[in-house]
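Below: one structure, written as structure tokens.
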Amino acid sequence: MPAFKTLDDLTDIAGKRVLVRVDLNVPVTDGKVSDTTRIERVAPTILELSQKGAKVILLAHFGRPKGEPVADQSLSLIAPAVEQVLDQHVAFATDCIGAPAADAIAKMQDGDILLLENTRFHKGEEKNTPEFTAELAKNGDIYVNDAFSAAHRAHASTEGLAHHLAAYAGRTMQAELEALEKGLGQPTRPVVAIVGGAKVSTKIDLLSNLVTKVDALVIGGGMANTFIAAQGIDVGKSLCEHDLADTARSIMETAKTAGCSIVLPVDGVVAREFKANAENETVDIKAIPADAMMLDVGPKSVELINGWIEKAATLVWNGPLGAFEIAPFDKATVSAALHAADQTKAGKLVSVAGGGDTVSALNHAGVADDFSYVSTAGGAFLEWMEGKELPGVAVLTKG
Ligand code: AMP
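With this note's numbering applied, the sequence shown covers 589 to 987.
See the structure below:
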């Protein structure tokens, strides 16, 4: 990955207006922020800039208001939680451009923090129009992007601004990019990928890219059934996309040409009902009963997967190996996650995980803190794993 500038390059910024794009798209229940993780992730960047004496002006989106103000998607609802996490006063402006923003900025002292209203209240944000971007740019001298999770979108506040102002990566963006570089950019080999989850259809691009980059691809979860069925094995009532048999075979062909080993389950835990503690049995992959569905990979498969984790110097992981939300079908995911965490703690493995349910699966296993890096960036993490260029990152690295 080409170099990008970080906060280390921002030395003399006392009194400067720094526009910081952050991710404050947090869950809210009954008007209250129910999970402050995303705010905690951007806090170091905000506090560092404030401590350096900058006027810190926060830009963010919240929800999908489609270009006009929507009362319950106002960032004023999030401001108290931001204040609480930062333990510092945070002023609020009722618009991210025009007089409300300009007036609030004029009142700022060095080190102050100001949150501007939802950028998506303007159509120009998602359309990335030059007019809107120019209006935003008037509010700042410097642009810092700390919202990796929004970097797969070429919006005014995530991409456009970098064409107007000198652009820098915030600490969270920097940490994400450095971890991703270690994961797939310039990884130490062998690299093993674990991909699980429900369906092949949502991860075709991901699988196709990974087989050209990694030394081994472990396929688990519901999607493994599609690969197994594509080899002529009966998967009974298991979740399976039979129409994607050709796609599965072609991914396996690409892997063969690229020298990537595909690791499929050799046994499975099957049940007749998709519910917690459903009666279940462990069977060979070739002996799935016609009326049963595979809800987790079996113990022999876990042994095989753990063996690959031991061989790996780098592990990238997306998606659970089974229906981990319902016991006991969380066993394989938990066991492999614990093994990866142990290898990481022993200094033998760089482990990078992320995307959708992966974070909750690793939290469920209690190992999220033991991985080298767990990205909370959902869509952006997946697009990066798919080998796509993220506009918000490209603009930081290409200038
Ligand atoms: P994804 O969002 O694509 O990563 O898929 C995650 C979902 O896949 C979780 O909700 C799991 O319960 C589900 N899942 C994993 N393995 C299976 C399986 N063998 N059968 C049905 N669902 C599964």
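Cβ coordinates follow ideal geometry from the N, Cα and C atoms, glycine included. Predicted model, so just to flag it, every value in this text is computed and none were measured.
Residue i vs residue j beta-carbon contact at 8 Å
i: D700; j: T633; result: no
i: I807; j: L772; result: no
i: L724; j: A744; result: yes
i: A750; j: P778; result: no
i: M811; j: A781; result: no
i: D884; j: A920; result: yes
i: I645; j: L598; result: no
i: I627; j: V614; result: yes
i: L950; j: V962; result: yes
i: D855; j: K888; result: yes
i: V630; j: T760; result: yes
i: L703; j: M696; result: no
i: N797; j: G975; result: yes
i: V783; j: N906; result: yes
i: G910; j: G809; result: yes
i: L665; j: L635; result: no
i: V871; j: S923; result: no
i: R860; j: D834; result: no
i: L765; j: V981; result: yes
Contact test: residue i Cβ vs the ligand AMP heavy atom, cutoff 7 Å
i: T870; result: no
i: E766; result: no
i: P853; result: no
i: L827; result: yes
i: G907; result: yes
i: D918; result: no
i: A809; result: The amino acid occupying residue 809 in the given sequence is Gly; Ala does not appear at that position. G809 Cβ: within cutoff of the ligand AMP.
i: F999; result: An answer regarding residue 999 cannot be provided, because it is not within the stretch 589 to 987 covered by the chain.
i: D822; result: no
i: D945; result: yes
i: L724; result: no
i: A925; result: no
i: T835; result: no
i: M882; result: yes
i: A929; result: no
i: T964; result: no
i: G935; result: no
i: G967; result: no
i: G942; result: no
i: K787; result: yes
i: T682; result: no
i: G886; result: no
i: G784; result: yes
i: T624; result: no
Whole-number beta carbon distance between residue j and residue i, since they are thought to touch under 8 Å
i: T594; j: Q762; result: 5 Å
i: G641; j: A692; result: Wrong, their Cβ atoms sit about 18 Å apart, outside the cutoff.
i: L970; j: L794; result: 6 Å
i: P653; j: R708; result: 5 Å
i: A836; j: V904; result: So it is not a contact: roughly 20 Å between Cβ atoms.
i: V670; j: V678; result: 5 Å
i: T932; j: F912; result: At roughly 20 Å, the Cβ-Cβ gap does not stay under 8 Å, so T932 and F912 are not in contact.
i: T985; j: F592; result: 5 Å
i: A925; j: V947; result: Their Cβ separation, rounded to whole angstroms, is 11 Å, which puts A925 and V947 out of contact at 8 Å.
i: A846; j: C828; result: Contact flag wrong, Cβ pair sits at about 25 Å.
i: I821; j: I873; result: 6 Å
i: T746; j: A757; result: Not confirmed; about 12 Å, so no contact.
i: Q672; j: S638; result: Actually they do not touch by this definition, with Cβ atoms about 16 Å apart.
Residue nearest to residue i in terms of C-alpha spacing, selected from the options
i: G824; options: M840, I792 and M881; result: M881
i: V938; options: G944, A915, I685 and T902; result: T902
i: G944; options: A755, S737 and I876; result: S737
i: D569; options: G935, D600 and N894; result: Given a span of 589 to 987 for the chain in the structure shown, any question on residue 569 remains unanswerable.
i: I876; options: M840, A864, V858 and G966; result: V858
i: K899; options: D596, A757 and H927; result: H927
i: E867; options: L909, P916, S826 and G907; result: P916
i: T682; options: E869, D879, V983 and E705; result: E705
i: H649; options: G980, D611, L665 and D918; result: D611
i: D729; options: A754, A968 and T717; result: A754
i: C848; options: E719, W896 and I685; result: W896
i: N727; options: R609, E656 and K976; result: R609
i: E656; options: A667, H710, D675 and A689; result: H710
i: P1026; options: E766, L663, G748 and A689; result: For residue 1026 there is no data in the structure shown, the boundaries of the chain being 589 and 987.
i: F680; options: L663, Q672, A694 and I914; result: L663
i: G619; options: A667, L637, V799 and Q774; result: A667
i: I685; options: K715, A934 and T721; result: T721
i: G942; options: K936, P590 and T964; result: T964
i: Q661; options: V621, A694 and Q676; result: V621
i: T814; options: K770, K936, E869 and T790; result: T790
i: K799; options: K770, H752, M973 and L647; result: A quick correction: the sequence has Val, not Lys, at residue 799. It is M973.
Residue i at chain B interface by Cβ criterion, 8 Å
i: E891; result: Among the chains of the structure shown, chain B does not appear; only one protein chain is present.
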